[in-house]
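Student:
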Amino acid sequence: MTDQLRTEGPADIALRTIEQSSPEPILNDLANENTSSGLDRTTIAQLVAAGFSYFFAGTNDGSLGALTPYILRTYNVGTQYISILYATTFLGWLVAAATNSYVAQYLDLGAILTLGAIIQLIAQLPRFWNPPFGLFVITFFLQALGMGYQDAHGNTFVASIKGAHRWLGFIHAMYALGSLVSPFVATTIASRLSNERWQLCYLFLVGVGTINLVTVPLAFRSSLKMRKQPIVTGENEPEANGKTSRSKAATKDIKNTLKSPPVYFLSLFYFFMLGVGITAGGWIVEYLILTRNGKLPEVGYVPSGLWGGIFLGRLFLAEPTHRFGERRMTMLYCVIILALQLVFWLVPNLVGGAVAISFLGFFFGPLFATGMSIGSKLFPEPIRPTALGFVFVLAQAGGALFPALTGVIASKFGVKVMQPMLLGLVIAMGITWALVPKVKQRDE
1 MTDQLRTEGP ADIALRTIEQ SSPEPILNDL ANENTSSGLD RTTIAQLVAA GFSYFFAGTN
61 DGSLGALTPY ILRTYNVGTQ YISILYATTF LGWLVAAATN SYVAQYLDLG AILTLGAIIQ
121 LIAQLPRFWN PPFGLFVITF FLQALGMGYQ DAHGNTFVAS IKGAHRWLGF IHAMYALGSL
181 VSPFVATTIA SRLSNERWQL CYLFLVGVGT INLVTVPLAF RSSLKMRKQP IVTGENEPEA
241 NGKTSRSKAA TKDIKNTLKS PPVYFLSLFY FFMLGVGITA GGWIVEYLIL TRNGKLPEVG
301 YVPSGLWGGI FLGRLFLAEP THRFGERRMT MLYCVIILAL QLVFWLVPNL VGGAVAISFL
361 GFFFGPLFAT GMSIGSKLFP EPIRPTALGF VFVLAQAGGA LFPALTGVIA SKFGVKVMQP
421 MLLGLVIAMG ITWALVPKVK QRDE
C-alpha cells in the first residue's frame, strides 16, 4: 500500500529533511542553518539550552561517586544499598523508555523537554534536608525519569542539525563538564560540613536544576504546547472517524524500531559503554580508599580527573574522529581504553591510577556522540527518532545496571571486584562496536 500514514513524535519534526517546507517554527530554524550565514539565534539558543540540560544531568551523575562514602556512613548501610540507588535509576530509565513514544503523541518537543526539567527539579528538592533512605532512593527514580524524557529528545533534536557530529560533541561535552565540576563542589562542601549536614551540597544541584527549568521553556517556547492531534504521514492508518489513535501510533513506532537489527547492536554498544563510564566514576573513590589507602577528601576529587578527561576528549577528538573515520577511530579508542584499564588495575599506585583513569576518560570521551552520529545515518528516517531515543535510554540503563551489580558483588567480595568488572565491560564494548553494521557512504 502506498502513501501509508505514520504518526510523528515531536522529535520527528526536527529530523525532517531541510528541503521540506513546513510551518513549524523549529523546522524554519533548522532550514536557516543550511544557508551560508550559519546557525540563527533561535537554533543557537536551543543548542545552548540542550547543552545546559546535559550539564545538569552530568552534575547529578558526577556527584554520586564522590558522595558514596558519605552516604554509606550517614545511613550506616553497605555497598549493596548503594546498588539500590543504581537499580532505582535503572527502573526510571526503563519507565522512560516504555513511555517516551506515548508522551510524544500528546506533547510537542518543548513541552516534553520542560516536563523532564520539572521532574528532575522535583527529584533534587528532598535531598538536601537529610531525607529517610527510602525517600532518598525514590529521588533517583524521579531524576532518571526526567532525564529519560529531556535528554533523549534533546539528543534527537541535536542529531538533526547540520554538522551534528560537532553539536553532539558539544552537548555531551557539557555532560562531562557537569560531571567534572560536581565532584569538586560535592567534595568541597561535604568535607567542610558535619556528617549530618553534608547533604546541603545538593543545594548546588537544586540551583542548576532551576536554571535548567528556566532556559528550556524559553529556548523551545515555539513548541511548548500540547499536541492537539498527531501529525500523520507514513505507516499508520487513520481510524474510521478520520483520526489516528495516538496509542496505536506510538506502539507502531516501537514495533518498527524493534524490528531493525542495527538498533540492537548499537544499543548493546551503548549498554556496555555507559556501564564502563558510570561504574568507574561511581565506585572509584571507595575503591581507592579501601585498596590503595586513599584518604578523604583528597581521593574524592579523582572522579573529576575521569570526567575532565571525558570533557577534553569530547571537545578535541570529535573532529579528528569524524575526519579519519568514526568506525576505525572508535575501535582504536576501545583498544587504548583497554590498555589504560589494565594499567589502572595492575599498577598499585594511587597517583598512577588517577593518571591512568584520566587518560582513559580522554579516549572514552568521543564515544557517545560518535555512536549517535552513526545511528542518525544508520537508522531509516521513519524510525530514526524512536530508534535514537531507544538507544539513548538503553545506554543509561546500562549505566545504572552495571554499577548496581558491582555494588551487590562488592558487598560479598569487596570493592576490588570493580576492576575485573570494568575489564569485562571494556571488552564487551569493543566487541559490540565491531558488530554494528557499516554505514553506507554518505557523510562519512
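Residue 284 in UniProt numbering is what sits at position 284 of the sequence shown, and the numbering runs on without skipping anything. Glycine included, each C-beta is placed from N, C-alpha and C at the ideal position. Note that the coordinates shown come from a computational prediction; the quantities given were computed from them, not determined experimentally.
1. With a threshold of 8 Å, are at least 3 pairs of Cβ atoms found where one atom belongs to the stretch 62 to 69 and the other to the stretch 154 to 171?
2. For L224, name the three-state secondary structure that DSSP assigns.
3. Given this structure, state the Cα-to-Cα distance separating R292 from T139, to the nearest angstrom.
4. Whose CA, out of Y287, S194, Y54, lies closest to the CA of G116?
5. Would you say the stretch 81 to 96 touches the stretch 394 to 405, given that touching needs at least three Cβ pairs under 8 Å?
6. May I ask you to report which of helix, strand or coil DSSP gives S304?
7. Might you give, ordered along the chain, the residues of its own chain that have their beta carbon closer than 7 Å to the beta carbon of A428, omitting 5 neighbours on each side?
8. Please classify F413: is it buried, with 16 or more other beta-carbons within 10 angstroms of its beta-carbon, or exposed?
9. Is M418 near I284, with beta carbons less than 9 Å apart?
10. With DSSP collapsed to three states, give me the class of L401.
11. Does the beta-carbon of G325 have 16 or more other beta-carbons within 10 angstroms, so that it is buried, or is it exposed?
12. If you draw a straight line from the alpha carbon of V335 to that of G309, how long is it in whole angstroms?
13. With the cut-off set at 9 Å, would you say G352 and L288 are in Cβ contact?
14. For the pair the stretch 176 to 189 and the stretch 72 to 89, tell me if three or more CB-CB distances fall below 8 Å.
15. Along the chain, where does the alpha helix (DSSP H) that runs through V335 open and close?
16. Please work out which residues of its chain come closer than 6 Å, Cβ to Cβ, to N241, disregarding the five sequence neighbours upstream and downstream, and give them in chain order.
17. Quick check: what's the CA-CA separation for A176 versus L224?
18. What does a CB cutoff of less than 6 Å around F344 pick up in its chain, not counting 5 residues either side in sequence?
19. Grouping DSSP H, G and I as helix and E and B as strand, with all else coil, what is L107?
20. Are the beta-carbon atoms of G202 and Q124 separated by less than 9 Å?
21. In the DSSP assignment, find the alpha helix (DSSP H) that holds V158 and state where it starts and stops.
22. For a test of the three-state rule: what should DSSP assign to Y75, helix, strand or coil?
23. Could you pull out every residue in the same chain whose Cβ sits closer than 7 Å to the Cβ of G313, ignoring the five residues on either side in sequence?
24. Does the beta-carbon of W307 have 16 or more other beta-carbons within 10 angstroms, so that it is buried, or is it exposed?
25. Tell me the rounded alpha-carbon separation between Q46 and G424.
26. Tell whether a beta-carbon distance below 9 Å holds between L180 and F311.
27. Taking 8 Å as the limit between beta carbons, can you name the residues of its chain near R221, skipping five residues before and five after?
28. What does a CB cutoff of less than 8 Å around F265 pick up in its chain, not counting 5 residues either side in sequence?
29. So T74 and V137 are in contact, right, with Cβ under 8 Å, and what is the actual spacing, rounded?
30. Run the CB neighbour count on S194, radius 10 Å, all protein chains shown included, and call it buried at 16 or more, exposed below.
31. Can you give me the Cβ contacts of I337 inside the same chain, cut-off strictly under 7 Å, excluding the 5 residues immediately before and after it?
32. Tell me whether the beta-carbon of T257 lies closer than 9 Å to the beta-carbon of F390.
33. From this set, D108, E381, Y86, A387, which residue's C-alpha is nearest M226's C-alpha?
34. Just the C-alpha distance for L332 and A339, rounded to the nearest angstrom, thanks.
35. With DSSP as the reference, label G414 as helix, strand or coil.
Tutor: To lay it out plainly:
1. The stretch 62 to 69 is not in contact with the stretch 154 to 171.
2. coil
3. Spanning the two alpha carbons is a distance of roughly 32 Å.
4. When each option's Cα is compared against that of G116, the closest is Y54.
5. yes
6. Here S304 sits in helix by DSSP.
7. F272
8. exposed
9. yes
10. helix
11. exposed
12. 17 Å
13. no
14. no
15. 326 to 346
16. Legend: pLDDT at N241 = 46, less than 50; position of this residue unreliable, value from coordinates given subsequently. Cβ within range, chain order: n/a, list empty.
17. 28 Å
18. G353, A356, I357
19. Correct three-state label for L107: strand.
20. A small correction: the amino acid at residue 202 is Tyr; Gly does not occupy that position in the sequence shown. A contact, by the Cβ cut-off of 9 Å.
21. 133 to 159
22. coil
23. Once the five neighbours on either side are set aside, the close Cβ partners of G313 are G361, F362, F363, F364, G365, P366.
24. With a 10 Å radius around the Cβ and a threshold of 16 neighbouring Cβ atoms, W307 comes out buried.
25. 38 Å
26. yes
27. The beta carbon of R221 lies closer than 8 Å to those of G110 in the same chain, with the five residues before and after it left out.
28. T432, L435, V436, P437
29. Not confirmed; about 14 Å, so no contact.
30. exposed
31. L360, F363, F364, V426
32. yes
33. Of the candidates D108, E381, Y86, A387, D108 places its Cα closest to the Cα of M226.
34. 11 Å
35. G414: coil per DSSP, three-state reduction.
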